Amino acid sequence: MTRVAPRALLAAAALWLAACGNASWDGVDEAVVRRVAEDAGRHDTGPLFAGLEGDLLLFAFLWAGLLSGFALGYFSRVLFVERAGQPAGKPGGDGLRAD
57 MTRVAPRALL
67 AAAALWLAAC
77 GNASWDGVDE
87 AVVRRVAEDA
97 GRHDTGPLFA
107 GLEGDLLLFA
117 FLWAGLLSGF
127 ALGYFSRVLF
137 VERAGQPAGK
147 PGGDGLRAD
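Okay, here's the thing in structure tokens:
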């Protein structure tokens with residue numbers, strides 16, 4: 057019984073791959089959103105970042121994330137560390153008291 061189950065599983069996987077080998081795997085935006093938009097009378101306007109494609113688009117989003125993360129981290133010190141009109145206190149949390 058232990059030798060039959062792996063063989064049956066391999067045969068089923070091979071049949072499934074053969075049946076689905078040429079199938080198109082559309083994403084949600086193509087399969088659902090486009091159909092709903094066409095039903096509502098809307099048309100495709102093209103990509104927002106037309107000049108950026110492939111890895112260049114990923115690189116641009118990487119830099120946008122890095123710069124915005126730096127800005128959020130830098131400016132959050134005003135909320136969490138410094139009080140209005142006072143610089144940050146000593147390391148260790150002395151400047152965080154709410155007396």
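Residues in the sequence shown are numbered from 57 upward in steps of one, following the working numbering. By construction, the Cβ of each residue, glycine as well, lies at the ideal position given by its N, Cα and C atoms. Quantities reported herein were computed from a predicted structural model and do not represent experimental measurements.
Exercise for the section: Could you pull the start and end residues of the alpha helix (DSSP H) that residue 136 belongs to? Expected result: Counted from its first residue, the sequence shown places residue 136 at position 80. Element bounds for residue 136: 133–136.
Practice task
Please work out which residues of its chain come closer than 8 Å, Cβ to Cβ, to residue 65, disregarding the five sequence neighbours upstream and downstream, and give them in chain order.
Solution key: As a first step, residue 65 is located in the sequence shown; it is residue number 9 there, counting from the start. Counting only residues of its own chain and dropping the five nearest sequence neighbours on each side, residue 65 has no CB closer than 8 Å to any other CB.
Practice task
Could you tell me whether the Cβ atoms of residue 105 and residue 118 are closer together than 8 Å?
Solution key: Position 49 of the sequence shown holds residue 105. Position 62 of the sequence shown holds residue 118. Residue 118 sits away from residue 105, with the two beta carbons spaced by 8 Å or more.
Exercise for the section: Express the C-alpha separation of residue 71 and residue 61 in angstroms, rounding to a whole number. Expected result: Start at 1 with the first residue of the sequence shown, and residue 61 comes out as number 5. Start at 1 with the first residue of the sequence shown, and residue 71 comes out as number 15. For residue 61 and residue 71, the distance between alpha carbons rounds to 15 Å.
Exercise for the section: Pick out the complete beta strand (DSSP E) segments inside the region 64–109, 3 residues or longer, and give them in chain order. Expected result: Listed in chain order, there is nothing to give.
Problem - Distance between residue 94 and residue 87 (C-alpha atoms, nearest Å) - result: The sequence position of residue 87 within the sequence shown is 31, counting from 1. The sequence position of residue 94 within the sequence shown is 38, counting from 1. Rounded to whole angstroms, residue 87 to residue 94 spans 11 Å at the Cα level.
Problem - Rounded separation between residue 116 and residue 69 - CA only - result: Residue numbering aside, residue 116 sits at position 60 when the sequence shown is read from its first letter. Residue numbering aside, residue 69 sits at position 13 when the sequence shown is read from its first letter. It is roughly 39 Å from the alpha-carbon of residue 116 to the alpha-carbon of residue 69.
Problem - Own chain partners of residue 85 with C-beta closer than 6 Å, once the 5 adjacent residues on each side are dropped - result: Working through the sequence shown from its first residue, we reach residue 85 at position 29. Nothing meets the Cβ criterion.
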